[in-house]
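What follows is a short report on a single structure.
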Amino acid sequence: MSISQEKFKEMLKEKGLKVTNQRLLVLQVLAEHGDEHMTAEDIFELVKEDYPEIGLATIYRTVQLLLDMQLVDRIMLDDGCVRYEIGDFLDEQEGHRHHHHHLICTECGSVSAFRDDLLEDLEAYIEKKTGFQVTDHELKFYGVCRKCREKEK
Numbered sequence: 027m028s029i030s031q032e033k034f035k036e037m038l039k040e041k042g043l044k045v046t047n048q049r050l051l052v053l054q055v056l057a058e059h060g061d062e063h064m065t066a067e068d069i070f071e072l073v074k075e076d077y078p079e080i081g082l083a084t085i086y087r088t089v090q091l092l093l094d095m096q097l098v099d100r101i102m103l104d105d106g107c108v109r110y111e112i113g114d115f116l117d118e119q120e121g122h123r124h125h126h127h128h129l130i131c132t133e134c135g136s137v138s139a140f141r142d143d144l145l146e147d148l149e150a151y152i153e154k155k156t157g158f159q160v161t162d163h164e165l166k167f168y169g170v171c172r173k174c175r176e177k178e179k
């Protein structure tokens, strides 16, 4: 579940920031394309359909704001591009984030999300053992997807 626009507006106001159409549109585009891993340029192309006067620099500033607010995640998928995706929330009221991981096919290059977060116990163990509090993690699995495996048969 992604964050609602009402919650986003509230968060902006709490930080003393303006609620702008550009910010709302960027968040909306990311939410509507939640399973995609979009570059700033991808976001720009979609936002300018509804807001043609927007500039790419505004997209970059807005994406950085969303990163700072921990509403989007930045990912690198070995193609040299920085990509973004909307964050997953388990409890929007408390802002508790759910981590997910990526499955990258080495044959066709497809990227899919794996939504089970099996590292929570490990994070708790690390904190108990070392005092180090994990605040974020990113995990990528490389292999061959089902479609490519079926083609090989």
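Its first residue numbered 27, the sequence shown is counted upward by one per residue in the numbering used here.
Where a beta carbon is used, it is the ideal one built from N, C-alpha and C, also for glycine.
For K39, no beta strand (DSSP E) encloses it; the enclosing alpha helix (DSSP H) starts and ends at 31-40. For the options E58, E146, R172, S30, the alpha carbon positioned closest to that of G135 is the one of R172. When the beta-carbon positions are compared, I130 and L93 stay at least 8 Å from each other. Ranking E164, D61, I69, T65 by CA distance to the CA of L50 puts I69 first. Of C107, S30, L53, the smallest CA-CA separation from I85 is found for L53. Between I112 and G42, the C-beta spacing is not below 8 Å. Within 10 angstroms of the beta-carbon of Y110 lie 16 or more other beta-carbons, which makes it buried. Leaving aside the five residues that flank M95 on each side, the residues in its chain whose CB is nearer than 7 Å to its CB run, in chain order, M37. Taking 8 Å as the cut-off, the beta carbon of V45 is found no closer than this to the beta carbon of A66.
D76 and A83 have their C-alpha atoms some 17 Å from each other. By the 16-neighbour rule on beta-carbons within 10 angstroms, L148 is exposed.
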